[in-house]
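**Student:** When we follow the working numbering, the leftmost residue of the sequence shown carries the number 280, and every step to the right adds one. Sharing a structure with you now.
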Amino acid sequence: MSHTRYAPARQRLQRSELAVPGSNPALFAKAAASDVDYVFLDLEDAVAPGDKEQARRNVIEGLRDIDWRGLGKTISVRINGIDTHYMYRDVVDVVEQAGEHLDTILIPKVGVAADVYMVDAMV
Numbered sequence: 280m281s282h283t284r285y286a287p288a289r290q291r292l293q294r295s296e297l298a299v300p301g302s303n304p305a306l307f308a309k310a311a312a313s314d315v316d317y318v319f320l321d322l323e324d325a326v327a328p329g330d331k332e333q334a335r336r337n338v339i340e341g342l343r344d345i346d347w348r349g350l351g352k353t354i355s356v357r358i359n360g361i362d363t364h365y366m367y368r369d370v371v372d373v374v375e376q377a378g379e380h381l382d383t384i385l386i387p388k389v390g391v392a393a394d395v396y397m398v399d400a401m402v
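Quick look at the structure:
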């Protein structure tokens, strides 16, 4: 379990939220240009099982290529559930390859605190 203290992030309004399937990178630029405050690139429910790995690569590229913060967006990635074999690579690959461009990680279907601790330990 980690209890790391991070420097406070610049406060941004969270009036609206937009989920964007990681399997459809053509929508990333549209989401960035939209009026929403919070965008999460989805690797979970919006992505078919056969598209999961490509979606992860798309999300990493989208995080690197678009200046989400400069556009006033809070940017997040919703990983696959901790009970799936996709979750580990979701966290490791996204954080290692594009973590400096990421504001939050959305953990789906959290059942117990240990679910959050697991992802925290990986980050």
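Where is the CB? At the ideal position from N, CA and C, for every residue including glycine. On a predicted model such as this, the values are computed, not experimentally measured, just so you know.
Can you tell me where the alpha helix (DSSP H) holding Tyr367 begins and where it ends?
**Tutor:** Start and end: Met366 to Ala377.
**Student:** Can you tell me which residues form a DSSP beta bridge with Ile354?
**Tutor:** Val318
**Student:** Could you check where the beta strand (DSSP E) with Glu296 kicks off and where it finishes?
**Tutor:** Glu296 to Pro300
**Student:** Please name the residue or residues paired with Thr383 in a DSSP beta bridge.
**Tutor:** Beta-bridge partners of Thr383 (DSSP): Ser355.
**Student:** Once DSSP output is grouped into helix, strand and coil, what is the label at Ala310?
**Tutor:** helix
**Student:** Does the segment 350-369 come close enough to the segment 380-394 to have 3 or more Cβ pairs within less than 8 Å?
**Tutor:** yes
**Student:** Just verifying my parser: in three-state terms, what is the DSSP assignment at Ile339?
**Tutor:** helix
**Student:** Excluding five sequence neighbours on each side, which residues of the same chain lie with their C-beta closer than 6 Å to the C-beta of Gly413?
**Tutor:** No statement about residue 413 is possible, as the shown extent of the chain runs from 280 to 402 and does not include it.
**Student:** Considering just the uninterrupted stretch of the alpha helix (DSSP H) at Ala325, what are its terminal residues?
**Tutor:** It is not in any alpha helix (DSSP H) - Ala325 carries neither H nor E in the DSSP assignment.
**Student:** Roughly how many angstroms separate the alpha carbons of Tyr317 and Ala298, rounded to a whole number?
**Tutor:** 9 Å
**Student:** Below 8 Å on the Cβ atoms is my guess for Ile386 versus Asp369; work out the distance and round it to an integer in Å.
**Tutor:** Their Cβ separation, rounded to whole angstroms, is 10 Å, which puts Ile386 and Asp369 out of contact at 8 Å.
**Student:** Leaving out five residues on either side along the sequence, give the residues of the same chain with a beta carbon under 8 Å from the beta carbon of Ala312.
**Tutor:** Leu350
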